[in-house]
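What follows is the structure in structure tokens.
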């Protein structure tokens with residue numbers, strides 16, 4: 104394209120041509136006669152360049168080339184155009200510049216084609232081969248993320264720039280048709296299309312002004328000691344980390360927020376680290392605010408938000424902590440980085456499954472590593488596979504943490520197919536426990552729907568007792584199947600007993616299931632009466648597990664504290680008996696709650712600088728016992744007879760062990776029972792033997808109305824924490 108100075112730019116018709124800057128801004132080009140620059144170029148201090156011919160499509164021309172093809176064609180035509188004056192040095196220089204630009208563009212296109220060919224040739228070296236359709240280059244960008252307009256807009260950059268090209272691109276690339284001189288004349292600060300529409304990439308929160316070691320808050324030797332303590336004593340309560348990846352050096356290079364959060368969590372449980380814990384906690388809160396304001400994003404930042412949630416300071420009032428905001432921010436960052444997608448090719452999922460998945464549900468392994476900033480890592484190497492697996496682990500751990508919060512985290516293909524994800528040669532030992540809870544919470548949706556449907560339709564096809572039996576079988580089958588699958592997989596020692604946190608989670612989930620049945624408005628009265636016994640058994644077992652596992656629950660997270668408190672409130676409500684009852688579990692239940700309150704207070708105040716939320720909940724349970732209705736006189740004496748449970752429902756609890764346990768029928772209620780020293784089956788047997796407590800005379804009072812605990816929202820079965 105030929106250009107000339109502004110002073111000589113005029114058409115044969117006397118009209119003044121607009122300069123390139125005004126054309127690009129689509130404004131009127133005002134230039135006084137004899138002036139070399141227009142008003143806009145003077146204001147921006149830019150060179151005013153006016154073409155000597157019309158840039159648009161001329162009349163009668165049928166050239167429909169667009170974009171890069173059009174620019175290259177224009178350059179070729181300009182070079183081929185005959186030279187009017189061979190002595191014109193400016194024209195020769197312009198032609199030389201155009202030839203150089205054309206050579207650079209053609210070289211870049213050739214390099215891009217070569218890189219694409221290499222990408223396709225390397226695909227068979229992955230652990231799992233991609234589906235055959237991935238080999239077609241024109242389909243690789245066809246409709247990926249078409250359901251997400253913003254993501255689709257960002258993907259548009261792939262049509263122009265490869266990841267390598269993006270890194271080598273100039274800060275403000277311009278249209279080739281504007282010539283080389285126009286690159287210097289663009290206004291400073293004007294956004295460029297190519298630099299704006301680029302794939303999302305991690306924005307790390309690192310630097311000397313963020314690093315706690317550089318700031319003198321802690322030494323690196325101390326950080327290694329704190330990391331070691333965290334993995335030995337705390338990691339089993341906060342899933343998502345891999346000790347082989349998240350070493351102090353690696354975490355420090357990826358996220359100051361996670362680096363500080365892990366150390367602050369460890370210092371919180373070290374008796375001699377009170378001052379260090381205070382310094383790190385304060386810095387951790389500052390880093391969290393910085394992540395909000397500076398839009399930092401990385402896999403490690405998602406993990407940092409999750410690490411902070413379990414032992415977060417409770418605040419002055421219930422709900423004052425930052426749990427919800429931390430979870431919301433973690434979800435935002437996770438979705439920005441596509442952590443919810445399955446990495447393809449996959450080392451964790453079978454090829455048959457991968458071939459059935461839509462491309463929008465997967466993310467290419469190389470693209471994922473590029474997004475995380477690991478461009479030089481081979482996706483098929485062990486290190487590459489571990490880095491890719493950490494993305495999926497972070498999402499599964501996030502689902503376990505936030506799924507119960509009224510569906511904060513949406514269901515994804517990764518969770519729907521994660522049943523065997525923990526079976527991998529590079530799996531972390533804690534992946535099994537984490538995956539078991541993800542599967543449990545995923546499948547709860549279907550169970551709740553079946554139970555609600557049975558309650559809604561019983562009036563048409565069944566009697567109340569038949570509906571109760573059907574619902575009981577539905578729930579029992581669900582949990583039997585879960586225990587059969589996971590007890591052997593994640594059980595400890597020869598007894599295959601569940602880890603204490605997993606046991607509390609599962610038993611609490613059973614309790615919330617029964618609570619949903621009791622409170623469902625269309626459930627028949629027979630169903631509600633029956634599941635009061637089942638709910639009481641589950642509640643007592645949650646409390647029993649907390650008391651017996653106190654030595655292993657020193658790092659009890661806040662969500663477990665809330666589960667235990669919910670179980671205590673439920674047990675207190677469900678143990679209330681009618682006035683004519685000759686036996687009552689209420690004294691024994693209240694003693695158990697008192698013991699549980701003591702456990703919560705001790706755990707929350709050890710060490711002295713912890714000030715955990717469990718202290719507040721322990722005090723709340725003690726106050727709840729004092730405010731509870733007075734026990735009936737019958738429960739204070741020695742009954743002469745204990746009624747047997749109704750024969751219609753032989754078992755009110757899901758018994759996962761075939762060992763029968765019997766208690767002496769005579770004098771059973773003469774003194775309060777020591778539930779904390781019993782086994783699961785003994786508690787079930789004791790509840791079943793308290794037949795009159797759940798007989799025909801029991802008032803139909805919903806669980807969440809017994810003692811007015813609506814402000815806790817405990818009885819919502821969808822709020823499973």
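In the working numbering, the protein residues as written are 104 to 824. Each residue gets a CB set at the ideal place from its N, CA and C atoms; glycine is no exception. Note that the structure is predicted; figures quoted are calculated from it, not measured.
Mind checking who residue 308 pairs with in its DSSP beta bridge? 358
Thinking just about the alpha-carbon of each residue, which of 571, 659, 631, 726 is nearest to the one in residue 671? Residue 726 is the option with its Cα nearest to residue 671.
Between 347, 171, 781, 709, which has its C-alpha nearest residue 492's C-alpha? Closest option to residue 492, Cα to Cα, is 347.
What's the C-alpha gap between residue 531 and residue 521? 15 Å
I'd like to know whether the C-beta atoms of residue 664 and residue 717 end up nearer to each other than 7 Å. yes
Please confirm whether residue 363 and residue 390 have their CB atoms less than 7 Å apart. yes
Residue 466, DSSP secondary structure in three states: strand
So, for residue 316: in the same chain, excluding its five sequence neighbours on each side, which residues have a beta-carbon less than 8 Å away from its beta-carbon? Around residue 316: 322, 323, 326, 355.
Between 451, 402, 300, 203, which lies nearest to residue 527 when the distance is taken from Cα to Cα? Checked all of 451, 402, 300, 203; the closest Cα to residue 527 is 451.
From residue 698 to residue 650, what distance separates their C-alpha atoms? 7 Å
Please name the residue, chosen from 305, 723, 170, that lies closest to residue 475 on a Cα-to-Cα basis. Comparing Cα-Cα distances from residue 475 to each of 305, 723, 170, the minimum goes to 305.
Residue of 574, 601, 659, 404 minimising C-alpha distance to residue 536: 601
Expected contact under 8 Å - CB spacing of residue 645 and residue 614 to nearest Å: With 8 Å as the limit, residue 645 and residue 614 qualify as a contact, their Cβ atoms being about 6 Å apart.
With a CB to CB cut of under 7 Å and the five nearest residues on each side skipped, what residues in its chain are close to residue 585? 543
For residue 439, collect the residues of the same chain with a Cβ closer than 6 Å to its Cβ; drop the 5 residues on either side in sequence, then sort them by chain order. Around residue 439: 303, 400.
Between the CA atoms of residue 120 and residue 155 - distance to the nearest angstrom: 8 Å
C-beta contact flag for residue 417 and residue 424 at 7 Å: yes
Using DSSP with H/G/I as helix, E/B as strand and the rest coil, what is residue 728? helix
So, with DSSP's three-state summary, where would you put residue 445? strand
Just reading off the alpha helix (DSSP H) that residue 320 is part of, what are its end residues? According to the DSSP assignment, residue 320 belongs to no alpha helix (DSSP H), since it is labelled neither H nor E.
Start and end residues, alpha helix (DSSP H) containing residue 412: Here residue 412 belongs to no alpha helix (DSSP H), and DSSP marks it neither H nor E.
For residue 245, which residues in the same chain have their Cβ closer than 7 Å to its Cβ, ignoring the five residues on either side in sequence? Residue placement at residue 245 is flagged as unreliable, the pLDDT there being 48, under the threshold of 50; a coordinate-derived value is accordingly withheld.
Buried or exposed, going by whether 16 or more other CB atoms sit within 10 Å of the CB of residue 137? Taking all protein chains in view, the Cβ of residue 137 is surrounded by fewer than 16 other Cβ atoms within 10 Å, so the residue is classified as exposed.
Distance, Cα to Cα, residue 314 vs residue 360? If you take the alpha carbons of residue 314 and residue 360, they lie about 9 Å apart.
By a C-beta neighbour count over all protein chains shown, 10 Å radius and 16 as the cutoff for buried, is residue 571 buried or exposed? buried
Quick check on residue 351: buried or exposed, where buried means 16 or more other Cβ atoms within 10 Å of its Cβ? buried
Quick one: Cα of residue 122 to Cα of residue 128, how far? 10 Å
On the three-state DSSP scale, how would you describe residue 711? coil
Look at the alpha carbon of residue 618 and the alpha carbon of residue 499, and state the distance between them as a whole number of angstroms. Spanning the two alpha carbons is a distance of roughly 26 Å.
Counted within 10 angstroms of its Cβ, other Cβ atoms place residue 635 as buried (16 or more) or exposed: buried
Which of helix, strand or coil DSSP assigns to residue 600: strand
Just how far apart, CA to CA, sit residue 589 and residue 545? CA-CA distance, residue 589 to residue 545, rounds to 15 Å.
Grouping DSSP H, G and I as helix and E and B as strand, with all else coil, what is residue 400? In the structure shown, residue 400 falls within a strand segment according to DSSP collapsed to helix, strand and coil.
Nearest candidate by alpha-carbon position, reference residue 411, set 333, 647, 701, 456: 333
Assuming the contact rule is C-beta atoms closer than 8 Å, residue 575 and residue 623 should be a hit. Round their C-beta distance to whole Å, please. Actually they are not in contact, since the Cβ atoms of residue 575 and residue 623 sit about 14 Å apart, beyond 8 Å.
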